[in-house]
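Let me begin by presenting the structure, written as structure tokens, before commenting on it.
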Amino acid sequence: MKKKRPTLQDIADRVGATKMTVSRCLRDPETVSEGLRERIFGIAEQLGYIPNRAPDLLSRATSHSIGVLVPYLTNQVFADVIVGIEAHTEPAGYHLMLSHYGYSQELEERSLASLLSYNVDGVILSDHDHTPRSLR
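All residue numbers for the sequence shown refer to my numbering, where the first residue is 1 and numbers rise by one.
Right, here's the structure in full:
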């Protein structure tokens, strides 16, 4: 059986605040009192709360994610490239979404479409040979 993820409502119920107050605190901590903020963050940590980014993807123009397409994940060159990219993106608050396509143009196009469906803020193509559709 799949374990249920803690929700904003779970935190709100334990803290004695509304779900909206908990949400506001987690997004902009300075908008609530210090005591309430400490209780909310303490309960969130205790419950193992992980924010659901899906609503953000729908309501904002940015996902803070960058898609990276590489031919092979097992090739050390591409692994080093990924590490180098992440060294710059992570401090800037961006998460990498990786996909490999094994030099298959058809798989590359499907992988690219999948990454774009997650509203990534950008895509890095790590090879030089791509279909016109992929380059669009």
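The beta-carbon is built from N, C-alpha and C at its ideal position, and this holds for glycine as well.
Within the segment 26 to 82, ranges of the alpha helix (DSSP H) (whole runs, at least 4 residues): 34 to 47 and 54 to 59
Cβ atoms of residue 108 and residue 118: under 8 Å apart, would you say? no
Residue range of the beta strand (DSSP E) that residue 99 falls in? 95 to 100
Any contact of the segment 64 to 71 with the segment 85 to 100, i.e. 3+ C-beta pairs under 8 Å? yes
By DSSP, does residue 120 sit in helix, in strand, or in coil? coil
Please determine if the segment 41 to 54 and the segment 82 to 92 are in contact, where contact requires at least 3 C-beta pairs separated by less than 8 Å. no
Could you tell me how far apart the beta carbons of residue 73 and residue 112 are, in whole angstroms, since I believe they sit closer than 8 Å? So it is not a contact: roughly 16 Å between Cβ atoms.
Does the separation of the CB atoms of residue 40 and residue 77 fall below 8 Å? no
Suppose the cutoff is 8 Å on Cβ atoms and the five residues either side in sequence are ignored; what does the same chain contact list for residue 12 look like? 18, 19, 21 and 22
My guess is that residue 71 and residue 103 are in contact by the Cβ rule of under 8 Å, so how many angstroms apart are they, rounded? 5 Å
Among 135, 29, 129 and 127, the one whose alpha carbon lies nearest that of residue 116: 135
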